[in-house]
């Protein structure tokens, strides 16, 4: 239907502008101008910019995140782990405005914080479960359950901080390929202390092969 196509185009146009200029610097008037429609036409579909961002999260991002979590929970080897990191950073780059401006977006829209929290909790639970499997496989002793949770959450926080790092460096010609390499090196470095020697060697071998193929 035409209305669905228009709504989809509004979201895609908004994502593009938000990524280029930051969401906090883009108005609904600028979005409508980029689409060559009147602001009133845009307001027919979305009441304000906050609703646009909320719909981007719910209709675009959550489905991708759910797929990533399902993929993460099925990881069984180094190649699959690196493939996951690659797809995760590509997702984050597609919606980098969101991950680099979360505090501002949440301040401007408490409803967004509410819908984000549910998915964020599921992501944390998936990370904890995967990290628990890693610790068991590596044979590490003495890592309590709360430390497993902290370590898993640190991985999520590291990934988000790497998005900001890559976004800042994009002005220097730092592209998606550079971002993938950065995430691979930083995330594997974060995991190494929780791996035994054999696991580290397997991961390093897989990493060299993946980097050569980029």
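Numbering (the numbering used here), first residue to last: 442 to 655.
Even glycine gets a Cβ: it sits at the ideal position worked out from N, Cα and C.
Quick caveat: nothing in here was measured; it's all calculated off a predicted structure.
Continuous alpha helix (DSSP H) stretch holding residue i: start and end
| i | result |
| --- | --- |
| residue 577 | 551-579 |
| residue 597 | 586-610 |
| residue 492 | 490-496 |
| residue 640 | 638-654 |
| residue 510 | 503-514 |
| residue 499 | Here residue 499 belongs to no alpha helix (DSSP H), and DSSP marks it neither H nor E. |
| residue 480 | 480-486 |
| residue 518 | Note, residue 518: premise wrong, no alpha helix (DSSP H); not H, not E. |
| residue 538 | 537-541 |
| residue 470 | 469-476 |
| residue 631 | 617-632 |
Supposed contact pair residue j and residue i - C-beta distance, whole angstroms, cut 8 Å
| i | j | result |
| --- | --- | --- |
| residue 468 | residue 450 | Contact flag wrong, Cβ pair sits at about 17 Å. |
| residue 529 | residue 600 | 6 Å |
| residue 419 | residue 553 | In the structure as shown, the chain starts at 442 and stops at 655, and residue 419 therefore has no counterpart that could be examined. |
| residue 455 | residue 493 | 5 Å |
| residue 620 | residue 534 | 6 Å |
| residue 636 | residue 579 | 5 Å |
| residue 470 | residue 560 | Not quite, the Cβ-Cβ distance comes to about 30 Å (not below 8 Å), so this is no contact. |
| residue 523 | residue 648 | 6 Å |
| residue 483 | residue 472 | 6 Å |
| residue 452 | residue 531 | Not quite, the Cβ-Cβ distance comes to about 18 Å (not below 8 Å), so this is no contact. |
| residue 519 | residue 598 | Actually they are not in contact, since the Cβ atoms of residue 519 and residue 598 sit about 23 Å apart, beyond 8 Å. |
>> Below 8 Å, how does it come out for the region 532-549 and the region 625-645: are there three or more Cβ pairs, yes or no?
In response: no
> How do the region 587-600 and the region 564-573 stand: do at least 3 beta-carbon pairs fall below 8 Å, yes or no?
Replying inline: yes
> Three or more C-beta pairs closer than 8 Å, one from the region 505-523 and one from the region 559-568: is that the case here?
Replying inline: yes
> Should the region 611-626 be regarded as contacting the region 517-527, the criterion being three or more beta carbon pairs within less than 8 Å?
Replying inline: yes
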